[in-house]
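Reading the sequence shown from the start, the letters are residues 17 to 179 in our numbering. Contents: one structure, followed by commentary.
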Amino acid sequence: MPDLRIAVIGDTHMPKGARRLPERCLELLADADLIVHTGDFSERSVLAQLQDLGRVIAVHGNVDSDELRRELPERITVDLGGAALGLVHDAGPARGRLERLRREFPEADAVVFGHSHMPLHERDGDFQIFNPGSPTERRRAPAKTMGLGKLADGEVTFQHVEL
């Protein structure tokens, strides 16, 4: 099975003023085999824009429209063909997060989440958690970011990309 290229974004909060996804983000999304969004799109039009670029797996966030809340789950686990990926918007407090997500997603090899806008990647043995940050609203993060993932030989790896 060929490697699966995954683009991970979240907390896009669009539309809002002149806010747009950065050009580099759009390029990486279009190049991916799978787009994962961790919620807080804000409006359905953002999901539609991503779906025009490729296959999307997503959850809704706390600021998403009623339409998105009806369409998207709060949490999901997907089989990527060799590894299971959990997805949730708000992973709760930082203290104990990795252990808590391992308990909440027992079948997952990795859990991707958003909400804080803070890029994060933690690993404990064969389990990992990943927050891509935000490509549009960095808040306290040093930069606007997204994530890239790759599934190869049954293992998912992640890295952050500054935009």
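In this text, a Cβ means the ideal position worked out from N, Cα and C, and glycines have one as well.
Inter-residue Cα distance where the pair is residue i and residue j
i           : j           : result
residue 158 : residue 81  : 28 angstroms
residue 176 : residue 86  : 30 angstroms
residue 119 : residue 110 : 15 angstroms
residue 46  : residue 165 : 14 angstroms
Exposed unless 16 or more other CB atoms sit within 10 angstroms - verdict on residue i
i           : result
residue 78  : exposed
residue 135 : buried
residue 61  : exposed
residue 125 : buried
residue 34  : exposed
Beta-carbon gap between residue i and residue j smaller than 7 angstroms
i           : j           : result
residue 105 : residue 130 : yes
residue 103 : residue 167 : no
residue 183 : residue 23  : Nothing in the structure corresponds to residue 183, since the chain is present only between 17 and 179.
residue 179 : residue 148 : no
residue 172 : residue 145 : no
Secondary structure of residue i, DSSP reduced to three states
i           : result
residue 66  : helix
residue 140 : strand
Could I get the ranges of all uninterrupted alpha helix (DSSP H) runs contained in the region 77 to 117, with 4 residues as the minimum, in chain order?
82 to 87
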